[in-house]
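In what follows, a structure is listed as structure tokens, so that the remarks can point back to it.
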Amino acid sequence: MSLHAALRNGTKSVFLRFEEALDAPFGGEDNPLRHLGALGLYLLWITVGSGLYLYAVLDTGIDAVYRSIGYLSSEQWYLGGILRSLHRYASDGFMLLMLLHLVREWSYGRYHGFRLYSWMTGVPLIWLAYIAGIGGYWIVWDQLAQLSATATTELLDWLPIFSEPSARNFMAPDSINDRFFTMLVFLHLGVPLLLILGLWAHVHRISHVDYLPSRRSMLGTLAALLVLSLLKPALSNPPANLATVPGDLGFDWFILFIHPLTDLSSPALIWTLLFGLTALLFILPVLPHPQPQPVATVDAANCTGCDRCLADCPYAAISMQPHPRRPGWQLAVVDADLCAACGICAGACPSSTPFRRQETLLTGIDMPQQPVNALREQLEQALARLTGRSRIVVFSCARGADASTLAAADTAVIPLLCTGMLPPAFVEYALRGGADGVFVSTCRSGGCDFRLGERWTSERLLGQRNRICARPFRLHDCNSILPQPTTAEIWPMRWPSSEPGSNRFRAKDFPPISGKPPIMLKPAAIVGQLILYGAFAAFIGYFATSPKYRQIPDDVALIKLSISHLGDRECRKRTPEELAKLPPNMRAPMDCPRERSDIRLEVDFDGQPAFRTVMHPTGLYKDGVSTVYKRFELKAGKHQVAVRMNDNLIKPGFNFSKEAEVTLVPGQVMVIDFNPDHGGLFFK
1488 MSLHAALRNG
1498 TKSVFLRFEE
1508 ALDAPFGGED
1518 NPLRHLGALG
1528 LYLLWITVGS
1538 GLYLYAVLDT
1548 GIDAVYRSIG
1558 YLSSEQWYLG
1568 GILRSLHRYA
1578 SDGFMLLMLL
1588 HLVREWSYGR
1598 YHGFRLYSWM
1608 TGVPLIWLAY
1618 IAGIGGYWIV
1628 WDQLAQLSAT
1638 ATTELLDWLP
1648 IFSEPSARNF
1658 MAPDSINDRF
1668 FTMLVFLHLG
1678 VPLLLILGLW
1688 AHVHRISHVD
1698 YLPSRRSMLG
1708 TLAALLVLSL
1718 LKPALSNPPA
1728 NLATVPGDLG
1738 FDWFILFIHP
1748 LTDLSSPALI
1758 WTLLFGLTAL
1768 LFILPVLPHP
1778 QPQPVATVDA
1788 ANCTGCDRCL
1798 ADCPYAAISM
1808 QPHPRRPGWQ
1818 LAVVDADLCA
1828 ACGICAGACP
1838 SSTPFRRQET
1848 LLTGIDMPQQ
1858 PVNALREQLE
1868 QALARLTGRS
1878 RIVVFSCARG
1888 ADASTLAAAD
1898 TAVIPLLCTG
1908 MLPPAFVEYA
1918 LRGGADGVFV
1928 STCRSGGCDF
1938 RLGERWTSER
1948 LLGQRNRICA
1958 RPFRLHDCNS
1968 ILPQPTTAEI
1978 WPMRWPSSEP
1988 GSNRFRAKDF
1998 PPISGKPPIM
2008 LKPAAIVGQL
2018 ILYGAFAAFI
2028 GYFATSPKYR
2038 QIPDDVALIK
2048 LSISHLGDRE
2058 CRKRTPEELA
2068 KLPPNMRAPM
2078 DCPRERSDIR
2088 LEVDFDGQPA
2098 FRTVMHPTGL
2108 YKDGVSTVYK
2118 RFELKAGKHQ
2128 VAVRMNDNLI
2138 KPGFNFSKEA
2148 EVTLVPGQVM
2158 VIDFNPDHGG
2168 LFFK
């Protein structure tokens, strides 16, 4: 087994055990780990809804928005303040569930084959989510927004995408104005719209999508976030001041974690990790994985065009087209790229009944690896071998719990690709063929590897999707991590009927039931749910503001070197011979090429070299500005700062210099810049 497979299987085992543990208080339908995608989308809708309200009531302008959102948090805490807190905590919860959903889908191997499209369209959504989240913190323009904005632009400047460092926009307090707020609104409203559009593309090839979790899950999650918003409201930090470095800040580690990582390492390492992880997610589908199973096939002679397979297909792999040989009829067509090879369509087909009088049972749609005809033959052979007073047939899911241990003289076990491929008529056929009871072992609700197998099985056999006779059968949902079902689960089916002289069951003795107990009615389960919802809210609330983060030590000041300047042209005087070779109208005495000179720069602190560089001109023809941006951390106190620059390397020495003694206070930001209209190099 490869390292990747071992890691994936180990992670899957962890998820399975946690899912099984949460099934006890929540049940399959409300288990949050089984519905991470739907629950994450629900949190996104909460984020979008609360965000639209906040945008509608907030004042525009970089200073006005800070005042108005402070008013909402303090004076209108009962509405605006709660919605602001709900907006922040729901966005943090969305980030958490998005990453859990990604890891879970990877651990289950759901990134290749018919799931390839969903996987590929899901990866860019991670980038969009974090761009929207980081941009949202900037709108308030407090000290946390200042830290994030400067850290983000410094990280972006490592990439060769800007002609000038974007961090220069955050050098001094006068560099920010209301146009910056307009850009933030576009960023924080436009990117989420792209995210929602991307989510539609992510799921549009999936049918019967759970856009929302169960009602109880929604109410429980919303209640937990509301309680968190009341107990720990989201508040702004002090207003931003670009002349100082922010101190200790309540830090959102769900969204802004990349900034401390950059400070601890380097922009080069962070971009390498980001691009490397993204590339790894994209190439996962081409890594070794199990070969795809044969897809469903359609028999035109037996397809009636009823479209039941279309209605039940979990991945929209079936479409209806005009029948080639029956005018006015339709024919099911299978898209091989989307087919999951689950067999759910065969279980939905009305021609899949075993009662048809055909020596070889041909159905409208079937699975080559386990045809309905072979299933009928396997059932008949199993019934013929059964002995004992009570004979039981067990249909189990090959991807769920291993039911082979139940096989005995009086019990036959027939594994299926998915229990969703079991036509309901097979229950009646087994009972008429000599079985006293039928046991169907499905996956837990929300735990089907093909999404809808256990749901369609339950609805079909319980008469909610197809009407069948009330005969002795039992549905039992279980998980592949535990050795279920056990003999104790089918033991009641081995008891004979109380009717004298008969060992057969009667329908009233053992009516069809579902293995799903009313979880919410159990007091212990309710207490368990309250504890788990509380733990979720506490986890979100803590890491949304803690532990606090300080970018630099409290006894340190920051010096920012930021220069953007056009180097001089390296002109030279033409010789008489060169002038004679030129046409008369082009005999300029000086030869000045289009390219600009490199710029040499040196910085010393307290007489010691601190920085040496040569700045190269930008542009295709090397005729653009030369730029540099560098941060230095110095202990607070008096320092001798010297800066020297030469913008024409043909000339020796330095034609610009600046030296001064400066007194730095803790947290101060001093800028070293260049402006030829103000004497060249200057400190501010």
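Sequential numbering of the sequence shown, starting at 1488, is according to the working numbering. Using N, Cα and C, we set each Cβ at its ideal position, and we do this for glycine too.
Item                                                                                                                           : Value
Option nearest Leu-1713 by Cα separation, candidates Ala-2024, Ile-2159, Arg-2074 and Val-2152                                 : Ala-2024
DSSP-derived helix/strand/coil call for Gly-1924                                                                               : strand
Local conformation of Val-2112 per DSSP, three classes                                                                         : coil
Beta-carbon contacts of Phe-1741 that lie in its chain and below 7 Å, excluding the five residues immediately before and after : Asp-1579, Met-1582, Leu-1583, Phe-2030 and Ala-2031
Extent of the continuous alpha helix (DSSP H) run through Asn-1860                                                             : 1859 to 1872
C-beta contact flag for Thr-1906 and Gly-1940 at 8 Å                                                                           : yes
C-alpha gap between Glu-2089 and His-1675, whole angstroms                                                                     : 40 Å
DSSP-derived helix/strand/coil call for Asp-1510                                                                               : helix
Environment of Pro-2063 [buried if 16+ CB atoms lie within 10 Å]                                                               : exposed
Buried versus exposed, by CB contacts within 10 Å (16 or more), Arg-1800                                                       : Just to set this straight, residue 1800 is Cys in the shown sequence, not Arg. By the 10 Å Cβ count, Cys-1800 comes out buried.
Lys-2138: first and last residue of the uninterrupted alpha helix (DSSP H) it sits in                                          : That residue, Lys-2138, is in no alpha helix (DSSP H); it is neither H nor E in DSSP.
Arg-1521 and Gly-1527 closer than 8 Å at C-beta                                                                                : no
Leu-1490 CB to nearest heavy atom of the ligand MN below 7 Å                                                                   : The ligand MN is absent from the structure shown, which contains no ligand whatsoever.
Cβ-Cβ separation, Val-1821 to Ala-2173 (assumed contact under 8 Å), whole Å                                                    : Residue numbering for the chain in the displayed model covers 1488 to 2171; residue 2173 lies beyond these limits and cannot be assessed.
Length of the line joining the Cα atoms of Val-1914 and Leu-1541                                                               : 57 Å
Cβ pair Tyr-2116, Phe-1738 closer than 8 Å                                                                                     : no
Cutoff 7 Å; reference Thr-1749; Cβ partners in own chain excluding five residues on either side                                : Ala-1638, Leu-1642 and Ile-1757
Assigned secondary structure, Val-1782 (DSSP; H/G/I helix, E/B strand, else coil)                                              : coil
Residues that DSSP places opposite Pro-1726 in a beta bridge                                                                   : Asp-1629
Same chain, Cβ closer than 7 Å to Pro-1747, neighbours up to 5 away in sequence not counted                                    : Tyr-2036
Proximity winner among Leu-1862, Cys-1935 and Arg-1876, relative to Ile-1917 (alpha-carbon distances)                          : As written in the sequence, residue 1917 is Ala, which differs from the Ile given in the question. Comparing Cα-Cα distances from Ala-1917 to each of Leu-1862, Cys-1935 and Arg-1876, the minimum goes to Leu-1862.
Contact between the region 1653 to 1672 and the region 1496 to 1507 (3+ Cβ pairs under 8 Å)                                    : no
Boundaries (first-last residue) of the alpha helix (DSSP H) holding Thr-1944                                                   : 1940 to 1948
Helix, strand or coil at Cys-1796 [DSSP, three-state]                                                                          : helix
Opening and closing residue of the beta strand (DSSP E) in which Thr-1898 lies                                                 : 1898 to 1903
CA-to-CA distance, Tyr-2108 to Pro-1611, given in whole angstroms                                                              : 34 Å
Host alpha helix (DSSP H) of Ile-2027 (start-end)                                                                              : 2010 to 2030
Beta-bridge partners of Tyr-2036, as assigned by DSSP                                                                          : Leu-1736
Sequence ranges, alpha helix (DSSP H) only - wholly within the region 1546 to 1577, length at least 4                          : 1551 to 1561
Whole-angstrom C-beta distance between Ile-2050 and Thr-2114, which should lie under 8 Å                                       : 7 Å
Met-1705 and Tyr-1529 closer than 8 Å at C-beta                                                                                : yes
CB contact flag (Leu-2168, Ala-2044, <8 Å)                                                                                     : no
Which listed residue (Cys-1930, Leu-1736, Ala-1727 and Ile-2159) has its alpha carbon closest to that of Arg-1554              : Ala-1727
Exposed unless 16 or more other CB atoms sit within 10 angstroms - verdict on Ser-1891                                         : exposed
Option nearest Lys-2125 by Cα separation, candidates Pro-2153, Lys-2145 and Phe-2141                                           : Pro-2153
Boundaries of the beta strand (DSSP E) in which Cys-1884 is found, first to last residue                                       : 1879 to 1884
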